[in-house]
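J.: Handing you this structure, nothing more for now.
Listed below in structure tokens is the structure:
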């Protein structure tokens, strides 16, 4: 912004130089600081923190490893993970989730974002500003489903000015790894001829899925729907 507009006012700003390694290190330090802050609050308030995978064994009982914890009440706050795209396996290297998208070792030449929601657009904007060519594939006819139409229209225009390209009303049917990168097959959501796109990195960002599988909810009579939601 400064480099583009300040020159008219007589202020010359040299082109910024990216140090991606340092940027990622700064990100990791911020995350580590937040985590340690929570650990400190646990200790300060005398809250026991048990690390591991928990499973409900029955009313008032949760098993973590070889240990069984007992409590009057159990709060289920397991959060969510990345929703899976059928036929596409995330390896966090070339086909990544939002987590892997924050750990790329270099700026991708071509980034294809599957899903036009908040997370995908935010991460696409990050890498786009760092130099990646960003293409967004969205199943619906517009990005940001559920948002006000005027907001969506203006935001789409803003992203296009940043260099984004969009494939709306389109679905990804296949991602193939090749020596030169990734070949992504897409087709109209309502049916039609398939098209192949090239990408260096594919970011799968089609939503979140609850972490409820394997919790043992059935042992306390709690049912979930097809998406795993309670």
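In the working numbering, the protein residues as written are -18 to 211.
Don't be surprised by glycine CBs; every beta carbon is placed ideally from N, CA and C.
(1) Under 7 Å: does the beta carbon of residue 153 sit that close to some heavy atom of the ligand GDP?
(2) Does residue 98 pass the burial test, meaning 16 or more other C-beta atoms within 10 Å, or should it be called exposed?
(3) Quick one, which of 162, 135, 86, 125 has its alpha-carbon nearest residue 2's?
(4) Are the beta-carbon atoms of residue 106 and residue 189 separated by less than 8 Å?
(5) Provide the residue(s) that pair with residue 164 in DSSP beta bridges, ordered along the chain.
(6) Count Cβ pairs between the stretch 71 to 88 and the stretch 165 to 176 that sit closer than 8 Å; are there 3 or more?
(7) Please confirm whether residue 28 and residue 43 have their CB atoms less than 8 Å apart.
(8) Return the CA-CA distance between residue 67 and residue 153, expressed in angstroms with no decimal places.
(9) Excluding the 5 residues preceding and the 5 following residue 163 in the sequence, name in chain order all residues of the same chain whose CB lies nearer than 8 Å to its CB.
(10) For residue 23, which residues of its own chain have a beta-carbon under 7 Å away from its beta-carbon, when the five flanking residues on both sides are left out?
(11) Report the CB separation of residue 143 from residue 96 in whole angstroms; it is logged as a contact under 8 Å.
(12) Between which two residues does the alpha helix (DSSP H) carrying residue 1 extend?
(13) Taking the Cβ atom as the reference point for each residue, do residue 119 and residue 91 lie within a distance shorter than 8 Å?
T.: Here's the rundown:
(1) Judged by which ligands are present, the structure shown has none, so any question about the ligand GDP falls away.
(2) With 16 or more neighbouring CB atoms inside 10 Å of its own CB, residue 98 falls in the buried class.
(3) 86
(4) no
(5) In the DSSP output, where bridge partners are listed per residue, residue 164 has 157, 179.
(6) no
(7) no
(8) Here the alpha carbon of residue 67 sits roughly 9 Å from the alpha carbon of residue 153.
(9) 75, 76, 93, 156, 157, 179, 180, 181, 182, 183
(10) For residue 23, where only same-chain residues beyond five positions count, the Cβ hits under 7 Å are 30.
(11) Contact doesn't hold; Cβ gap of about 18 Å is too wide.
(12) 1 to 25
(13) No, the Cβ-Cβ distance between residue 119 and residue 91 is not below 8 Å.
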